[in-house]
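Novice:
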Amino acid sequence: MTHGQRLFRVLFRPVVRAAAMRAILGRNRVRGEMAKGRFTRAEIHALLTDTWTRFEKHAAEIPHERSAGARLWLLNGALIISAIQSAIDRGVERAYAIELVGDAAWIIYRRFMAVPDAVVRLTTRDPAKRLERDTHLIMDVFPFGPKSYCKRWIDSDRGGVFLVTRCPYQELHHKLLSPEDARDFCQGTACNLDYPLAEMWGGQLERSQTLVSGGRYCDFRYVRADRMNLKETKCP
């Protein structure tokens, strides 16, 4: 493992453990079947131990990206893939494993994304401007900066439409997984987190396609009653 990957593991191990305990502890082992019992602390500990072991193997397959944000996000992707695989191998039904890991990921994701939103709230009270600035901050600065993600804004009568035509995160899923697993793991966790994130920012996300499912791009239409004035930016 590289120095950065080791640092990621050290820093995120307690964060991931806390999120897993909150999201999974006490949940049914089999969705809707209480007779099968509920997840215990010991089971979650064993799951996380296996997850970090798998993570080391997947991390070795991560290609280098120029953007620090992309490198961080790819480590996150390798960890999520590892967690889902560990849960499935321990007998958790595939769709339920994706759901459980996605719930844990959202706990971490919303806390981290609350930071840029707090900064934006200091600059404006206008809901449309808040949504615009939140979006540009993470998409144009960190973690989805232009050095690794190819994207552009277009204007529409209902607000801004953000198109991603190159996403290293989904590329990693296709590198490590079968096409079916790549689609379901990625969409069931990271892609689906975009919807509650838009709500957290005071908007609503509409999407017609994703790269990981074979689309030409991932589209992000952030909708508000207020009309947004999002400027177009093009990927070099």
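Residue numbers (this note's numbering): 88 to 323.
Ideal Cβ positions, reconstructed from N, Cα and C, are used throughout, including at glycine.
Just so we're clear, the structure is a prediction, and the values are computed from it rather than from any experiment.
Given a cut-off of 9 Å on the beta-carbon distance, is the pair residue 191 and residue 165 in contact?
Specialist: Not closer than 9 Å, so no.
Novice: Per DSSP, which one or two residues make a beta bridge with residue 240?
Specialist: Partner(s): 249.
Novice: Under DSSP, the alpha helix (DSSP H) around residue 307 begins and ends at which residues?
Specialist: Segment 305-310 is the beta strand (DSSP E) holding residue 307; no alpha helix (DSSP H) there.
Novice: Taking Cβ positions, are residue 226 and residue 287 nearer each other than 9 Å?
Specialist: Not closer than 9 Å, so no.
Novice: With respect to the beta strand (DSSP E) encompassing residue 292, which residues constitute its N-terminal and C-terminal limits?
Specialist: Segment 291-293, the beta strand (DSSP E) holding residue 292.
Novice: Would you identify the three-state DSSP class for residue 114, choosing helix, strand or coil?
Specialist: In this structure, residue 114 counts as coil in the three-state DSSP scheme.
Novice: Please list, in chain order, all residues of the same chain as residue 196 whose beta carbon is under 8 Å from its beta carbon, the five residues on each side excluded.
Specialist: So the qualifying residues of the chain are 280, 284.
Novice: Secondary structure at residue 109, three-state DSSP: helix, strand or coil?
Specialist: In the structure shown, residue 109 sits in a helix (DSSP, three-state: H, G or I).
Novice: Taking 9 Å as the threshold (C-beta atoms), are residue 309 and residue 229 in contact?
Specialist: Contact flag unset, no.
Novice: Is residue 125 helix, strand or coil when you go by DSSP?
Specialist: Residue state, collapsed to three classes: strand.
Novice: Sorted by chain position, which residues of the same chain lie with C-beta nearer than 8 Å to residue 211's C-beta, five sequence neighbours on each side aside?
Specialist: These residues qualify, in order along the chain: 217, 220.
Novice: Could you tell me the distance, in whole angstroms, from the CA atom of residue 185 to the CA atom of residue 273?
Specialist: Cα-Cα distance, rounded: 9 Å.
Novice: Express the C-alpha separation of residue 261 and residue 305 in angstroms, rounding to a whole number.
Specialist: Distance between the alpha carbons of residue 305 and residue 261: 15 Å.
Novice: Just reading off the alpha helix (DSSP H) that residue 273 is part of, what are its end residues?
Specialist: 266-273 is the span of the alpha helix (DSSP H), which, as asked, contains residue 273.
Novice: For residue 119, count neighbouring C-beta atoms within 10 Å of its own C-beta (all shown protein chains included) and say buried if the count is 16 or more, exposed if not.
Specialist: Residue 119 should be labelled exposed.
Novice: Thinking C-beta only, is residue 161 closer than 9 Å to residue 174?
Specialist: No, the pair does not count as a contact, with Cβ atoms beyond the cut-off.
Novice: Does the beta-carbon of residue 179 have 16 or more other beta-carbons within 10 angstroms, so that it is buried, or is it exposed?
Specialist: Looking at its Cβ environment, which holds 16 or more other Cβ atoms inside 10 Å, residue 179 is buried.
Novice: Whose C-alpha, out of 106, 149, 129, 213, is nearest the C-alpha of residue 255?
Specialist: Among 106, 149, 129, 213, the Cα nearest to that of residue 255 belongs to 149.
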